[in-house]
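Student: The sequence shown begins at 9 in this note's numbering and counts up one residue at a time.
Positions of the beta carbon are idealized from the N, C-alpha and C atoms, including for glycine.
All values reported here derive from a predicted model rather than from experimental measurement.
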Amino acid sequence: MADILMPKATAVWLIDNTTLTFDQIADLCGLHHLEVKGIADGDVAENMRGVDPISGGELTREEIQKGEDDPDYRLKTAPSKIAHIPQPKRKGARYTPVARRGDKPDAIAWFIRNHPEVTDPQISKLIGTTKATITNVRDKTHWNSQNIKPVDPVTLGLCSQIELDEVIAKASSRRRKMDAEKAAQEEGPGLAPADAVEQADTPADPFAAPETPAPESDASEPSLDDVFSAFKN
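So this is what it looks like as structure tokens:
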């Protein structure tokens, strides 16, 4: 149900032009019934001019008739004829009710103790706190350090369980990746695959006896025919 644009001026008009009860007018306009009574008595909005909600498209005559026929009936505003334009999601610090702001150090202490992988910017964005506050809690220099007790932010009402799980999952994934890269740097390059290594030449045994080259045939050595021919002569 849409809110009345000008509640007091609308209440003035309804008091002057209808037989609706003070409670009905108060419920419709979002006012206290004593405030509506004060308008009727002239103690509140004395010189205010009434605004017709029918001509403004906020209320129908049939709806007013229903209320006049039944004092217990609660009037409903007419659907707005103006297209609803979705507002862009604001990117900024999360708003935290005043009553919950004192609980933020407890949530910070919970992250520090249970999920050190969650970064300070992630904590700051999730629960709407400052980096200085996170540092003070971690260093135990916060003004209320003696009373800080680790409590998860969902229990404190600072965020939803889905938001908390998402932050922890992202932080854990980033931590695993960093640990893997660090381990790879410490181990150095690994062995190359066997199929990628070219077969090296087998080195010669330094203690093996040197091979004796085969003697070359002497071209001047006589043959058997030469020897026997000498006897014939």
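Out of Val20, Lys112, Asn155 and Glu174, point me to the one whose CA is closest to Ala48's CA.
Tutor: Closest option to Ala48, Cα to Cα, is Val20.
Student: Within 10 angstroms of its Cβ, does Trp118 collect 16 or more other Cβ (buried), or is it exposed?
Tutor: Buried, because 16 or more other Cβ atoms sit within 10 Å of the Cβ of Trp118.
Student: Can we say the region 119 to 127 touches the region 177 to 187, given the rule of at least three CB pairs closer than 8 Å?
Tutor: Yes, they touch.
Student: Compare the Cα-Cα distances from Ser145 to each of Glu174, Asp78 and Asp114 and report the closest residue.
Tutor: Before going further, note that residue 145 is Val rather than Ser in the sequence given. Cα-wise, what sits closest to Val145 is Asp114.
Student: For Val59, which residues of its own chain have a beta-carbon under 6 Å away from its beta-carbon, when the five flanking residues on both sides are left out?
Tutor: Same-chain partners within the cutoff: Met14, Ala17, Thr18 and Trp21.
Student: Can Ile142 and Ile131 be called in contact, C-beta distance under 8 Å?
Tutor: A contact, by the Cβ cut-off of 8 Å.
Student: What's the gap between the Cα of Ile116 and the Cα of Lys139?
Tutor: Cα-Cα distance, rounded: 10 Å.
Student: Given Gly75, which residues of its chain have a CB within under 6 Å of its CB, disregarding the five upstream and five downstream residues?
Tutor: Counting only Cβ-Cβ distances below 6 Å, and skipping sequence neighbours, we find Leu28, Gln32, Tyr81 and Leu83.
Student: Over the uninterrupted alpha helix (DSSP H) stretch that includes Trp151, give me the two end residues.
Tutor: Here Trp151 belongs to no alpha helix (DSSP H), and DSSP marks it neither H nor E.
Student: Measure how close the beta-carbons of Leu134 and Val159 come, nearest whole angstrom, since I'm counting them as under 8 Å.
Tutor: 14 Å between Cβ atoms; not a contact.
Student: Tell me the DSSP secondary structure of Glu66 in three-state form.
Tutor: Correct three-state label for Glu66: coil.
Student: Could you have a look at Ala86 and say whether DSSP puts it in helix, strand or coil?
Tutor: Here Ala86 sits in coil by DSSP.
Student: Let's test the definition: count the other Cβ atoms within 10 Å of the Cβ of Glu43 and tell me whether it reaches 16, buried, or not, exposed.
Tutor: Buried: at least 16 other Cβ atoms inside 10 Å.
Student: Taking only the alpha-carbon atoms, compute the straight-line gap between Asn152 and Asp187 and give it to the nearest angstrom.
Tutor: Those two C-alpha atoms are separated by around 35 Å.
Student: Relative to the C-alpha of Thr85, which residue among Asp78, Glu71, Pro79 and Asp77 is closest?
Tutor: Nearest C-alpha to Thr85: Glu71.
Student: Please tell me whether Gln154 and Val162 are closer than 8 Å, where the distance is taken between their beta carbons.
Tutor: For Gln154 and Val162, no; Cβs fall outside 8 Å.
Student: Smallest Cα separation from Gly110: which of Leu172, Gln73, Leu166 and Thr26?
Tutor: Closest option to Gly110, Cα to Cα, is Leu166.
Student: Could you give the first and the last residue of the continuous alpha helix (DSSP H) run that contains Cys37?
Tutor: Counting along the chain, the alpha helix (DSSP H) containing Cys37 begins and ends at Phe30 to Cys37.
Student: From this set, Arg183, Gly136, Asp77 and Asn55, which residue's C-alpha is nearest Glu171's C-alpha?
Tutor: For the residues Arg183, Gly136, Asp77 and Asn55, the minimum Cα distance to Glu171 belongs to Gly136.
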